[in-house]
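Protein sequences, first through last, are from chains X and L. If you number the first sequence the way full-length UniProt numbering does, the last residue is 99 and the count never jumps. If you number the second sequence the way full-length UniProt numbering does, the last residue is 219 and the count never jumps. Data block below; observations after.
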Amino acid sequence: MQLTLEFGGGLELLCESVKVHNVNVDLPKGVDKLTMRNLLSWVRTNLIKERPEMFMKGESVRPGVLVLVNDCDWELCGQLETTLEEKVVVVFISTLHGG
Amino acid sequence: MDEIVKMIGLKNNCTFCGVFRRQALDRGAALLKVDKVATGHNADDIAETVLLNILRGDIARLSRCTSITTGEDGPIPRCKPFKYTYEKEIVMYAYFKKLDYFSTECIYSPNAYRGFAREFIKDLERIRPRAILDIIKSGENFRISTSTKMPEQGTCERCGYISSQKWCKACVLLEGLNRGLPKLGIGRSRGLNSDVKKDIKQGGGTESIESKQCGSLDF
């Protein structure tokens, strides 16, 4: 499945300073729909090159990281259970700044 | 800050940075003859501060930290217009309006105590987002017992800035840095100001950072 992933608010530093990634994600075996849960684990394995604890905590994103699916807050679309369609744009923005 | 951290190590960085930056802001504002200073503190910051002050038992700060305006009696009142605005809302706004902003985190902050309060607040927000506003409300509703001794506002003997002690914190910290005493002004102040006075008699020969007189400030 073709997706566009964007990282902002400082998170891009974890992916070698690349803000926009156009990726192809394979569905896990035995699953017919790709969920955010699957995507997160894919991102952690394939895109996050350093300090994964800044991006994820447990199964979900670290508290303080905003997730937008096609410009919509994922908390409104089912959070981890949100299903992703072809060509969807997922944005991860860290809100943790300053000292 | 890099030079300061070289001298003091990785602990208590926030104390130095915060105190110096705050005075720099106030002095700069006075030089520009502004009427008011507005800072960008948001709801998350205020909630963290409330929690921080409770954890440290800092009653004096606890009673002041939720005020939306401070220093109304002074020459330059300060306010925090975003006091009730969640950091999340601000980031969303900046994203959708395509605003350019700095998103770097202070390199010394991982060791800061505030980080623990922040982590906790973020976990709370995930479970019950209203918790942040509720913590602020609780902070506002604190009433300090009248029998508790509170610090009184005076002026610093060395530079004239407002201070509840003989010397303002910036002067104490500066003195510590100049004299190679990185712990001066850190920790509970039990006669620290008197320690400073004793040390003054023995002068230091090395280059020292000058503290200019606060001539233009009438606190």
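Just so it is clear, CB atoms sit at the ideal spot from N, CA and C, and this is done for glycine as well.
{"query": "Limits of the unbroken alpha helix (DSSP H) element including L:N42", "result": "Here L:N42 belongs to no alpha helix (DSSP H), and DSSP marks it neither H nor E."}
{"query": "Interface positions of the stretch 129 to 157 of chain L facing chain X (Cβ-Cβ less than 7 angstroms), listed along the chain", "result": "none"}
{"query": "Beta-ladder partner(s) of X:Q2, from DSSP", "result": "X:N24"}
{"query": "Positions along the stretch 50 to 83 of chain X whose CB lies within less than 7 angstroms of some CB in chain L", "result": "P63, G64 and L66"}
{"query": "Cβ pair L:R179, L:C171 closer than 8 angstroms", "result": "no"}
{"query": "Integer Cβ distance of X:F55 from X:L13, believed to fall under 8 angstroms", "result": "Actually they do not touch by this definition, with Cβ atoms about 10 angstroms apart."}
{"query": "First through last residue of the alpha helix (DSSP H) which encompasses L:R132", "result": "For the record, residue 132 of chain L in the displayed sequence is Ile; it is not Arg. Element bounds for L:I132: A131 to N141."}
{"query": "Alpha-carbon to alpha-carbon, X:V91 and X:L66", "result": "8 angstroms"}
{"query": "Nearest to L:T66 (by Cα), restricted to the options L:K83, L:S164, L:P75 and L:G74", "result": "L:K83"}
{"query": "Assigned exposure category for L:P187 - 16 Cβ within 10 Å defines buried", "result": "The sequence as given places Gly at residue 187 of chain L; Pro does not occur at that position. With fewer than 16 Cβ atoms within 10 Å of its Cβ, L:G187 is classed as exposed."}
{"query": "Partner residues on chain L for X:T95, Cβ-Cβ distance less than 7 angstroms", "result": "E87, K88 and V91"}
{"query": "Burial state of X:I93 (16 or more Cβ within 10 Å)", "result": "buried"}
{"query": "Contact check, L:I132 vs L:E125, beta carbons under 8 angstroms", "result": "yes"}
{"query": "Spatial neighbours of L:I136 in its chain, beta-carbon cut-off 8 angstroms, leaving aside the 5 residues before and after", "result": "A43, I46, A47, V50, T66, K83 and Y84"}
{"query": "Separation of X:P63 from X:T95, as counted between CA atoms", "result": "9 angstroms"}
{"query": "Runs of beta strand (DSSP E) lying entirely within the stretch 108 to 183 of chain L, each at least 3 residues, in chain order", "result": "none"}
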